[in-house]
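Below: one structure, written as structure tokens.
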Amino acid sequence: MPATETQIKDTIFHLLSNIAPEADLNQLKGDEEIRETLGIDSYDFLNFMIGLNDAYGVEIPETDYGKLNTLNEIITYLTPRIR
Numbered sequence: 035m036p037a038t039e040t041q042i043k044d045t046i047f048h049l050l051s052n053i054a055p056e057a058d059l060n061q062l063k064g065d066e067e068i069r070e071t072l073g074i075d076s077y078d079f080l081n082f083m084i085g086l087n088d089a090y091g092v093e094i095p096e097t098d099y100g101k102l103n104t105l106n107e108i109i110t111y112l113t114p115r116i117r
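Using the numbering used here, read the sequence shown as starting at 35 and increasing by one per residue.
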């Protein structure tokens with residue numbers, strides 16, 4: 035059964051809470067740059083992408099990382115790829 039947008043968002047927040055535990059993720063707006071807003075470096079972002087892959091079995095090519103800057107972009111990217 036495919037994941038809903040709410041489930042994907044919950045997974046994203048769970049992964050980000052491990053990377054940026056001090057961040058108030060409920061204040062993160064859908065169109066804000068996640069890395070900039072949360073102060074995540076490229077290593078942490080890579081771990082975040084790996085976490086999404088592990089959670090959903092979706093291989094995210096490194097060439098797509100630049101398309102995944104905001105919460106909305108990540109949800110839009112993952113939704114059709116999750117089976």
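Cβ coordinates follow ideal geometry from the N, Cα and C atoms, glycine included.
Report yes if the CB atom of L127 is closer than 8 Å to the CB atom of Y111, and no otherwise.
Since the displayed the chain opens at 35 and closes at 117, residue 127 lies outside it and no answer follows.
| Where I108 falls, given that 16 or more other Cβ within 10 Å makes a residue buried | The residue in question, I108, is buried, as its Cβ has 16 or more Cβ neighbours within 10 Å.
Return the chain-ordered list of same chain residues with a C-beta closer than 7 Å to the C-beta of P36, the five sequence neighbours on each side being excluded. If we look at P36 and ignore the five residues flanking it on each side, its Cβ neighbours are I116 and R117.
Q. From the DSSP output, which residues share a beta bridge with T104?
A. Among the bridge pairs identified by DSSP, T104 is matched with E67.
Use the C-beta contact count for I68: other C-beta atoms within 10 angstroms, 16 or more gives buried, fewer gives exposed. With 16 or more other Cβ atoms inside 10 Å of its own Cβ, I68 counts as buried.
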